[in-house]
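Peer 1: Here it is: the structure, laid out below.
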Amino acid sequence: MTVAGSTRYPSFIDDLARSESGRLLRAELGRRWPETPDRLDAIVRYALLPAGKMLRPMMTLHAAEAVGGSPRDVLAAALGTEYLHVATLVHDDIIDADTLRRGRPAVPVAYGIPGAIVAGDHLIFHAFQAIVEGGRAVPPASVVAAVTALAEAGQDLCRGQAMEERLVGDLDAGARWYPEMIRLKTGSLFRAVCHIGALLGGAEPRVSAALARYGEHVGTAFQIRDDLLSYLSTPEQTGKPATSDLNNGRPTLPLLLAYDAISDAARVELLAVLHRRGAGPGDVEWVTALLRDAGAVDGARRRMVEHAERARAELAVLTPSASADVLTGIAAWMTSEMA
Numbered sequence: 247m248t249v250a251g252s253t254r255y256p257s258f259i260d261d262l263a264r265s266e267s268g269r270l271l272r273a274e275l276g277r278r279w280p281e282t283p284d285r286l287d288a289i290v291r292y293a294l295l296p297a298g299k300m301l302r303p304m305m306t307l308h309a310a311e312a313v314g315g316s317p318r319d320v321l322a323a324a325l326g327t328e329y330l331h332v333a334t335l336v337h338d339d340i341i342d343a344d345t346l347r348r349g350r351p352a353v354p355v356a357y358g359i360p361g362a363i364v365a366g367d368h369l370i371f372h373a374f375q376a377i378v379e380g381g382r383a384v385p386p387a388s389v390v391a392a393v394t395a396l397a398e399a400g401q402d403l404c405r406g407q408a409m410e411e412r413l414v415g416d417l418d419a420g421a422r423w424y425p426e427m428i429r430l431k432t433g434s435l436f437r438a439v440c441h442i443g444a445l446l447g448g449a450e451p452r453v454s455a456a457l458a459r460y461g462e463h464v465g466t467a468f469q470i471r472d473d474l475l476s477y478l479s480t481p482e483q484t485g486k487p488a489t490s491d492l493n494n495g496r497p498t499l500p501l502l503l504a505y506d507a508i509s510d511a512a513r514v515e516l517l518a519v520l521h522r523r524g525a526g527p528g529d530v531e532w533v534t535a536l537l538r539d540a541g542a543v544d545g546a547r548r549r550m551v552e553h554a555e556r557a558r559a560e561l562a563v564l565t566p567s568a569s570a571d572v573l574t575g576i577a578a579w580m581t582s583e584m585a
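Positions 247 to 585 (this note's numbering) are the ones given, in order, by the sequence shown.
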């Protein structure tokens, strides 16, 4: 499955979403989750559709194809990775009390917190069922390994979320634990989606392990990019409030780098913004200017580039192909210019 056009940035991801694999995923997602009077399924459908960029399931399909497998054979499993991802978004919106997701009311706002909790749980169980369904064309041992990869990613996600909560408002501890926190919280699922695709595509252990490492580095770069977007893009572009990270006191990389570089007086003011857990008038603008002046934006970009380059290096195990090019393009897209 090839992607229309070249790997231009940032339009590459939009091209990928419109590619044959993107259309296949969206069609199958709509088929599996039709409009229904059933309340639980309706909540899940609202959470899943209209779909986002579907980056994670796209990576599962292309990882499978890059090692010689058939994307259609792993289609269900690819959707399973999206189920787990969306479940985490639903639960995150409850934890963070965010009201906006993908440019519309978040699931807890649209359906209430109890409905959102149950829908997120429902999606998690569907994710495991989908992995098993997607493994019908491969040996049982590969299916077991794929299910294990998803379970381990889910456990790491929970550990990363708990670690982030413990670091809220604590920029001193955040500087120490941030790399591990984002590896667990974000890198783990990217690791799993590529590992699952490689396993179900029939890759030998050396290759599937390399693709797992590729995914973890891509996920780490993706989280740093997301940290930056909070200060470089509008809510319309990100699909969430610009004040979300400040309201929740999150120790994002730009904040950590700025905290390390600024004066003691500026540190006191920055901590005050984080500790009051509610961005007041002018806070976002002040913090954004602080990050730029402290060189934190450029510093975070450099970290992002390092992980993207390490991800691309892991792809050396692959035979050249259109899907290998897509995986390379995804890593390169992480370093593309942002608004």
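Beta carbons are placed, not taken as given, at the ideal position from N, Cα and C, and that holds for glycine. Keep in mind the model is a prediction, meaning the values are calculated, not measured.
1) In whole angstroms, give me the CA-to-CA distance for Met427 and Asp339.
2) In chain order, what residues of the same chain lie with their CB nearer than 8 Å to the CB of Thr282, ignoring the 5 residues before and after it?
3) Measuring straight from C-alpha to C-alpha, what distance separates Gly528 and Leu325?
4) Got a sec: does the ligand PLP put a non-hydrogen atom nearer than 7 Å to the Cβ of Thr282?
5) With distance defined between alpha-carbon atoms, name the residue in Arg347, Val320, Val572 nearest to Ala444.
6) CB Leu430 to CB Leu330, shorter than 8 Å?
7) Roughly how many angstroms separate the alpha carbons of Ser569 and Ile508, rounded to a whole number?
8) Looking at Leu275 and Gly381, is the spacing between their C-beta atoms short of 8 Å?
9) Using 8 Å as the Cβ pair cut-off and three pairs as the minimum, do the region 467 to 476 and the region 491 to 508 touch?
10) With burial defined as no fewer than 16 other Cβ atoms inside 10 Å of the residue's Cβ, what is the status of Ala562: buried or exposed?
11) Whole angstroms are fine: how far does the CA of Leu573 sit from the CA of Ala297?
12) So who's on the other strand from Pro351, going by DSSP bridges?
13) Would Ala505 and Leu516 qualify as a contact pair, given that the criterion is a beta-carbon distance under 8 Å?
14) Would Ala546 and Leu503 qualify as a contact pair, given that the criterion is a beta-carbon distance under 8 Å?
Peer 2: With the given structure in hand:
1) By 1-based counting over the sequence shown, the position of residue 427 is 181. By 1-based counting over the sequence shown, the position of residue 339 is 93. About 18 Å.
2) Locating residue 282 in the sequence shown gives position 36, counting from the first residue. Closer than 8 Å at Cβ, skipping near neighbours: Ala288, Arg291.
3) For the purposes of this step, residue 528 is identified with residue 282 of the sequence shown, where counting begins at 1. For the purposes of this step, residue 325 is identified with residue 79 of the sequence shown, where counting begins at 1. Roughly 41 Å between the two C-alpha positions.
4) Of the ligands one can find in the structure shown there are none, so the ligand PLP has no counterpart to examine.
5) Working through the sequence shown from its first residue, we reach residue 444 at position 198. Comparing Cα-Cα distances from Ala444 to each of Arg347, Val320, Val572, the minimum goes to Val320.
6) Counting from 1 along the sequence shown, the entry for residue 430 is found at position 184. Counting from 1 along the sequence shown, the entry for residue 330 is found at position 84. Judged by their CB atoms, Leu430 and Leu330 are not nearer to each other than the 8 Å cut-off.
7) Along the sequence shown, one-based indexing puts residue 569 at 323. Along the sequence shown, one-based indexing puts residue 508 at 262. When rounded, the distance between both Cα atoms is 44 Å.
8) Against the sequence shown, residue 381 aligns to sequence position 135. Against the sequence shown, residue 275 aligns to sequence position 29. By the CB criterion at 8 Å, Gly381 and Leu275 fall outside the cutoff.
9) Here the region 467 to 476 makes contact with the region 491 to 508; the two share three or more CB pairs at distances below 8 Å.
10) Here the question's residue 562 lines up with position 316 in the sequence shown. Counting Cβ neighbours within 10 Å, Ala562 comes out exposed, since fewer than 16 surround it.
11) By one-based count along the sequence shown, residue 297 stands at place 51. By one-based count along the sequence shown, residue 573 stands at place 327. Approximately 20 Å between the Cα atoms of the pair.
12) As a position in the sequence shown, residue 351 is number 105, starting the count at 1. Paired residue(s): Leu346.
13) In the sequence shown, the residue the question calls residue 505 occupies position 259. In the sequence shown, the residue the question calls residue 516 occupies position 270. Just to set this straight, residue 505 is Tyr in the shown sequence, not Ala. Less than 8 Å separates the beta-carbon of Tyr505 from that of Leu516.
14) Position 300 of the sequence shown holds residue 546. Position 257 of the sequence shown holds residue 503. Yes, they are a contact pair.
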